[in-house]
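Remarks on the structure that follows.
Residue numbers (full-length UniProt numbering): 1 to 750.
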C-alpha cells in the first residue's frame, strides 16, 4: 500500500496556505538548442510573474501577524486582554480594525459620568494634585487657630513657605536617588504615589511591574517577591539550568556596609562574624575573592551570607537573607560600639543572580565594560567558557559598565586573547578598585544616576541617532561587582535603580529564562544543596518558616471536603501530618524512661501515681503525655544543629547522655541527603526510619524537608534531618505522609 502524501491544509491555515501558493509552468518553450530567446522567455513567464505579484498581495492581506494572537507560552502575560488601552500606542489603530472584523466586535464605550459621580472624580483628581505637591515639598501643612479665618490664614502662610523652600535636588529626570542610613535601619520607600498603599508593608523590588505581569508574587520578609512564573516550568527550568541560563531578580536580599578606620578594623570584623576566628586568609582581607559561607552571632550560625572587602577604602559589604537581616544589623551596630559606621543599604544596592553554563556569556552580551584592556580581556576570556566548575567559588569581577539600554539588541563580546587557566584566575586582574569603592560609596552611587535616561528620552535619542551606529553615545555608567556564590550561581551587585535597566535587556538575550523563589529552591535541590531557610528548621528563622508552611498546609487541608482529605490519623498515629520535631525530640529521649519499650502502641487505659501523673509503662503512655504537653512548649525550638564541640551533643550521639525528664534540651540533628534504592517517591515531610523488618514509630529517626523527583539524576531524592545518634546509618526506609508503604533508600551526610 502506498504511503499517503501530505494532507491538504484544512481549517484556519487553508487561507494562509493558498495565499502563499505560486502557480508555475513546467514547460519552457523559450529555451531551445542551448540558447534562450529573451522575448519568448518574458512572454512565457508572464503568467508566473503575475501569479507571484498576486501572491505577494494575498500574503500581505492574509498576514498571520495580529495584535491579538496566541503567543508562545514563554511570551504570554497575565494581563493580556482585548482592552485597547493596554496595547502599545503604535498598535492601537490596528487592534481596533481587528476587533471590528471579529465576531465580538469592539467593546462598547463607557457612558459619560454625570452629576455627583463626575464631581467625585474631579475632587479625586484635585486631591491627587495636592498630594503630589505635598510629596514634592516633603511636608504637610497643619492648621493652627480656633477660628476658621485663622486656620485658613495659617495654611496659606505654610503653603507659601513650602513653595519658597528649596527642594532636595535630583541629578536625573527619573527620580532615582540613593536610600541608605547610618547606624539605623532605613525606612521603607514609599514608592509611587498611585501605588503607595500597596507598599506600606511590603516593598516592591525594582523589577516588580515586569514580574507582576508574568509571575505569581508572594509577600515575604517585607518584600513583594517573584515566586513562580504563570506557566508550568518545572522541566524547562531544570533544562535551562543545565544547558542555558536561569535569571533571578534577588534585590530582596539585604546588604550592609561597615566603614572601618583601617585594615585592622576589617580583620576584627571578619573574625567576629565569619568562620575565620583567628587568621584571616589573604584573599579575603585584600578583597581578591568573596567570602561565601556561614555568618555567626555569638559563635552560633545565623545564616549563609557573603562578605566583600574593599581594601582601598577599608570597607566590608555583607549580603544575607532578609529574614535575619535586622537581627544581624543590630548585632553589628552593637559590636562597633560607635567606633565604625554601619550603613543600611537594603534599598540602595540591588542584585541579579544567574545560573547555568552560559550565565556569564549571556551577561557579557548586555554588559559593555568601561575599564582597562587587561580587565576587559580577562572578563571576555572567562565569560566565553561554559564549564561553571572551572571557575572557583568566590571569584570576583568589578568594573564600570555603560547603560545597557543604549544598545537596542544584545551584542556578543569579542573573543578574549587569553586562555582560561588556574594562573589567570589567581591573578584577579578583572577587578577595578575604583569600581568597588564606588559601589560601596553613597556619593558614587548617587553620581551614577546623573542624567539617567528615561524611556521617553531613550526613544528620542534612537529616533535622531545615526542609522549606521549600533548604539547611543552617552557618558552614563555605573559600577557592578560580579562574584560566584556557593550555590554555583553568579551574583551581580549594582545600584538599586540600575537593576531594572539591566534586567530589561538581559531577558532579551537568547537562552535566558527568568525564574522566581520556587525555582531557586528547585535548582538547589537538584544540585543537592540545602536552601535557606526551608531546609534549616534547626535554626530560628528556619523553624519560623517551617511553622508558617505547616500552618498554611493545615488550612489548605481543612478547606477540602471530607471525601478529599487524606486520612492521616489512621497512618500517622500521634504524629501531626507535618514534620513533627516536637514529638520526635521528646519521643527519642522519653523512650529511655519507658518500662516496656517493646510493647505495641495501642490505645489502652493508663495508670497514674499518687500525684495524678501518668506512669510511663508503655510507649503509648509516652505518646499521650507528649501530645498533652504540646501547648506548653510552643515557643522553644525543639531541635538544634549538631556541634562536635558540645559535650551534650557528643553524649547524645554516643548514647551516653541521659537528660532530666522535666527539662528536655533541644535534640541535636544532622543534615542528610537521601536517594531511593528502588522504585518509589519522596515528598516533603516524609518520615525516615531505621531499615528493619517491621518498622514502627519506635524506629523513627527524622523527617524530610525537601523531597521530589530530581531531573538531574533521573529519580527521586530528598534532603532531610535525622537525630545525631542515627547519622551513621546508611540504609533507611522512607514513608510519605498518609501512605502505608515503605521505600528503601540510602542516606549520606550533606
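The beta-carbon is built from N, C-alpha and C at its ideal position, and this holds for glycine as well.
Take the alpha-carbon of residue 283 and the one of residue 575: they are about 49 angstroms apart. According to DSSP, residue 537 shares a beta bridge with no other residue. The stretch 616-650 is shown to contain whole beta strand (DSSP E) runs of 3 or more residues at 639-641, in chain order. One thing to note: residue 246 has its Cβ within 8 angstroms of the Cβ of residue 354.
For residue 223 and residue 548, the gap between their C-alpha atoms comes out near 17 angstroms.
Every unbroken stretch of the beta strand (DSSP E) spanning 3 or more residues and falling wholly within the stretch 313-360 is given here in chain order: 315-320, 341-344, 349-355. The C-alpha of residue 436 lies about 29 angstroms from the C-alpha of residue 211. DSSP places residue 703 within a strand segment (E or B) once states are collapsed to three. CA-CA distance, residue 190 to residue 215, rounds to 23 angstroms. By DSSP's assignment, residue 307 forms a beta bridge with 291, 318. For residue 240, the enclosing alpha helix (DSSP H) covers residues 234-243. Here the C-alpha atom of residue 643 lies approximately 23 angstroms from the C-alpha atom of residue 280. Look at the beta carbons and you see the stretch 346-362 touching the stretch 176-190: at least three pairs across the two are nearer than 8 angstroms. Using a Cβ-Cβ distance cut-off of 8 angstroms, the stretch 623-637 and the stretch 549-557 are not in contact, since fewer than three pairs of beta carbons, one from each stretch, lie closer than that value. Between residue 578 and residue 655, the C-beta spacing is not below 8 angstroms. Distance from the CA of residue 446 to the CA of residue 290, rounded to the nearest whole angstrom, comes to 25 angstroms.
Along the UniProt domain "POPLD" (489-569), the alpha helix (DSSP H) occurs as fully enclosed runs of 4 or more residues at 499-506, 517-526, 540-559, listed in sequence order.
Apart from the 5 residues on each side of it in sequence, residue 398 sits with its Cβ closer than 6 angstroms to the Cβ of 431, 432, 435, 436, 481 in its chain, given in chain order.
Assigned with DSSP and collapsed to three states, residue 119 falls in helix. A distance below 8 angstroms between beta-carbons, with the five flanking residues on each side excluded, links residue 193 to the following residues of its chain, in chain order: 128, 131, 132, 135.
Judged by their CB atoms, residue 252 and residue 206 are not nearer to each other than the 8 angstroms cut-off.
The beta-carbon distance between residue 483 and residue 394, rounded to whole angstroms, is 7 angstroms. This is short enough to meet the 8 angstroms contact definition. Closest in alpha carbon position to residue 748, among 697, 241, 688, is 688. Excluding its 5 nearest sequence neighbours in each direction, residue 332 has C-beta neighbours in its own chain below 6 angstroms: 342, listed in chain order. When 124, 187, 257, 387 are compared, the shortest CA-CA separation from residue 244 is found for 387. Between residue 671 and residue 733 a beta carbon distance of about 19 angstroms is seen, past the 8 angstroms cut, so the two are scored as non-contacting. Rounded to the nearest whole angstrom, the C-alpha separation of residue 272 and residue 741 is 49 angstroms. When 632, 594, 292, 640 are compared, the shortest CA-CA separation from residue 622 is found for 594. For residue 720, there is no enclosing alpha helix (DSSP H); the enclosing beta strand (DSSP E) covers residues 715-723.
Counting other Cβ atoms within 10 Å of its Cβ, residue 453 reaches 16 or more and is therefore classed as buried.
Taking the C-beta atoms as reference points, residue 340 is found no nearer than 8 angstroms to residue 256. Inclusion of residue 171 and residue 449 in the CB contact set at 8 angstroms is warranted, their separation being smaller than that value.
One thing to note: residue 649 has its Cβ within 8 angstroms of the Cβ of residue 668. Beyond the five residues adjoining it in sequence on each side, residue 516 comes within less than 6 angstroms, by CB distance, of 215, 226, 227, 228 in the same chain, given in chain order.
Cα atoms of residue 55 and residue 237: separation of roughly 42 angstroms, rounded to the nearest angstrom. Taking a cut-off of 8 angstroms for Cβ pairs, the stretch 404-414 and the stretch 497-514 touch, as three or more such pairs fall below it.
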